[in-house]
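Asker: For the sequence shown, counting from 1, position 46 maps to 46 in the UniProt record's numbering; every step adds exactly one.
Glycine is no exception: its CB is placed at the ideal position from the N, C-alpha and C atoms.
Would you mind keeping the following structure in view while I ask a few things?
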Amino acid sequence: MTSWGRGLPLEPAAITEVVRRGEPILALIHYEVVEIGDGNACAVFQHTPYAVRIGGVLHGGVIAAALDETLGVAVLTVNHGADQVTVELKINYLEPGRVGPYRVCGQVVRRGSRIVVAEGEVRDANGVVIAKALGTWYILSKAIS
1 MTSWGRGLPL
11 EPAAITEVVR
21 RGEPILALIH
31 YEVVEIGDGN
41 ACAVFQHTPY
51 AVRIGGVLHG
61 GVIAAALDET
71 LGVAVLTVNH
81 GADQVTVELK
91 INYLEPGRVG
101 PYRVCGQVVR
111 RGSRIVVAEG
121 EVRDANGVVI
131 AKALGTWYIL
141 SKAIS
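Encoded structure:
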């Protein structure tokens, strides 16, 4: 099993714990990493009262946060323990999110020496793609602390 940062194993439960502790807003949607591999990650999150906008559909900001986090976890698997920051995240919102739980998956498309590009999508409980994303991460020279 691979590890990152201070030796934290790259396994779903450990990553979920770190994410919820470091970014508590994701706990409000019950965000949970369910799969992680070399250059990819998947998570699920719920359609909670904290996740919707007026009209009861999933808020675009929640979709963006879930994509940013999940694609970022995929990037973590290829950055050799260094910290990273999102440089750009472009999202196409394709359908309203009405039925959870939602599944978000991301995979690394290209890794350079300092820049990583990843793509991903969010599907509702019926398997309908509700959003697609393409993002860029900058790999910092320091380790995750």
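1) Near I36, which residues of its chain fall below 7 Å by C-beta distance, leaving aside the five closest residues on each side in sequence?
2) What would DSSP say about I130, mapped onto helix, strand or coil?
3) Beta-carbon within less than 7 Å of V75's beta-carbon, same chain only, minus the 5 sequence neighbours each way: which residues are those?
4) Look at the Cβ atom of T48, then the Cβ atom of H59, and state whether they are nearer than 8 Å.
5) Given that a residue counts as buried once 16 or more other Cβ atoms are within 10 Å of its Cβ, and exposed if not, what is E121?
6) In whole angstroms, give me the CA-to-CA distance for A41 and V34.
7) DSSP on Y31, reduced to helix/strand/coil?
8) So within the UniProt domain "Thioesterase" (55-130), which uninterrupted alpha helix (DSSP H) runs reach at least 4 residues, ignoring any that extend past its ends?
9) Using DSSP with H/G/I as helix, E/B as strand and the rest coil, what is G37?
10) If the criterion is Cβ atoms closer than 8 Å, does the pair A43 and A65 meet it?
11) Alpha carbons only, please: which of R103, V57, R53 is nearest the one belonging to T70?
Answerer: Taking the geometry as given:
1) Setting aside the 5 residues that flank it on each side, I36 is surrounded in the same chain by L10, E11, P12, I15, V73, T77, each with a C-beta closer than 7 Å to its C-beta; the list follows chain order.
2) Strand at I130.
3) If we look at V75 and ignore the five residues flanking it on each side, its Cβ neighbours are Q84, V108, V116, A118, W137.
4) No, Cβ-Cβ distance for T48 and H59 is not below 8 Å.
5) Buried, because 16 or more other Cβ atoms sit within 10 Å of the Cβ of E121.
6) About 8 Å.
7) Correct three-state label for Y31: coil.
8) Counting only runs of 4 or more, we get 60-76.
9) DSSP places G37 in the strand class (E or B) of the three-state scheme.
10) Cβ distance not < 8 Å, so A43 and A65 don't count as in contact.
11) For the set R103, V57, R53, the Cα lying nearest the Cα of T70 is the one of R103.
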